[in-house]
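J.: Below is a structure I'd like to ask you about.
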Amino acid sequence: MTTNRHTTSKPGHDLARQLTVAVSAVLAVIGSFIGSGAAGGTPIQDAAGGALAADATLIAPGSGAFGIWTLIYAGLLAYAVWQLLPAQRTAERHRRLGYPIAASLLLNAAWILSIQFDLLWLSVPIIGALLVVLILAFRICLALPAKNLVDTIVTDGTVGLYLGWVCVATAANITAALVAAGFDGWGIAPEAWAVAVIALAGLVGVALAVWDRGRIAPALSLAWGLAWVAVARLADAPASTATGIAALLAVAAVVVATAVARVTAELRRTRAAPAPSAS
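Just add 30 to the spot in the sequence shown (first one is 1) and you have my numbering.
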């Protein structure tokens, strides 16, 4: 006889998970205030010797790009409240999502602290771990679809935005750490490296679109980050027309791939739907 998965967790375990997510969300928001300089910390763009400033590398997004964090944090707080509701307590979807999302929140706070303490080298494995955790969380979202629109927006939308942005942030973070460590590119021109990294980020966006069948949220935030790389390189220092154009092409590739994947998924759903019976 098989056991229903919805009955395998005890109520106390479910409540512990819900509270862990809620507390992690609060810690992440506190970390964001520290990272913004509002709570006495050094603004991220000024910390670690300015290695993550908008003009530090060719891959750095323009400063306006970071406004997306307001939306991501709002979504994370909304999720923390949403998953606390009794209806979500025993839902398999949130049982599986809870701890990965909590881990992502704590890793986010740890990343901010690593930058605040000028440990740029440590920020790289932290953001790498964050990316892996978000991929896991997004995979759970795909495997266990939401049952209503609110859950789709609050859960899938937030995780998707978070994942798409962190894809761009990981590339920028690794590039900043390498430049700060004195990496000379093995004699290859910085613009060539920048275009290659942008192309890789674009390919990641296309792969995400194929994998998630055209989900809007990850494509939106990934395209947003790449668009701001283009803005920074075409309108600010260090100027690089090649990098800016490459970033715009990557944005176009992500948007087109997402649209095609979404339309294809809808057509498949329509074809798979049972035909109405004649009465």
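Think of the CB as a built atom: it goes at the ideal place given N, C-alpha and C, for glycine as much as any other residue.
Do A260 and L278 have their C-beta atoms closer together than 8 angstroms?
T.: Their beta carbons are under 8 angstroms apart, which means A260 touches L278 by this criterion.
J.: To the nearest whole angstrom, what separates the beta carbons of A287 and A239, a pair I think is in contact under 8 angstroms?
T.: The Cβ separation is near 4 angstroms, so the contact holds.
J.: Over what stretch of residues does the alpha helix (DSSP H) that includes N138 continue unbroken?
T.: 122-146 is the extent of the alpha helix (DSSP H) around N138.
J.: Report the three-state DSSP secondary structure of T87 (helix, strand or coil).
T.: Coil.
J.: Identify whether R169 lies in helix, strand or coil by the three-state DSSP scheme.
T.: Helix at R169.
J.: Which term fits H124, buried or exposed, when burial requires 16 or more other beta carbons within 10 angstroms of its beta carbon?
T.: So H124 counts as buried.
J.: Which residue wins for smallest C-alpha separation from A133, given the options F96, A267, V51?
T.: Ranking F96, A267, V51 by Cα distance to A133 puts V51 first.
J.: When the Cα of A95 is compared with those of L45, A46, W254, which residue comes out closest?
T.: The shortest Cα separation from A95 among L45, A46, W254 belongs to W254.
J.: Buried or exposed: which applies to L45, given that a residue is buried once 16 or more other Cβ atoms fall within 10 Å of its Cβ?
T.: Answer is exposed; the Cβ neighbour count stays below 16.
J.: Write down the C-beta distance between A58 and L135 rounded to the nearest angstrom, noting that I regard them as a contact closer than 8 angstroms.
T.: With a Cβ gap of about 4 angstroms, A58 and L135 count as contacting.
J.: Rounded C-beta distance between G61 and L143? I'm assuming under 8 angstroms.
T.: With a Cβ gap of about 7 angstroms, G61 and L143 count as contacting.
J.: Within a Cβ cutoff of 6 angstroms, which residues of the same chain sit near R292, ignoring the five residues on either side of it in sequence?
T.: For R292, where only same-chain residues beyond five positions count, the Cβ hits under 6 angstroms are G244.
J.: Would you decide whether L127 is buried or exposed? Buried here means 16 or more other CB atoms lie within 10 Å of its CB.
T.: Looking at its Cβ environment, which holds 16 or more other Cβ atoms inside 10 Å, L127 is buried.
J.: Please report the straight-line C-alpha distance between N34 and L174, rounded to a whole angstrom.
T.: Low confidence applies here, because N34 scores a pLDDT of 41, under 50, leaving its location unreliable; read the following figure in that light. Distance between the alpha carbons of N34 and L174 is about 15 angstroms.
J.: Residue range of the alpha helix (DSSP H) that P220 falls in?
T.: Run containing P220: 220-241, per the alpha helix (DSSP H) assignment.
J.: Alpha carbons only, please: which of A201, P220, C197 is nearest the one belonging to G235?
T.: Nearest of A201, P220, C197 to G235, Cα basis: C197.
J.: Just to confirm, are A167 and V225 a CB contact at a threshold of 8 angstroms?
T.: Taking 8 angstroms as the Cβ cut-off, A167 and V225 do not qualify as a contacting pair.
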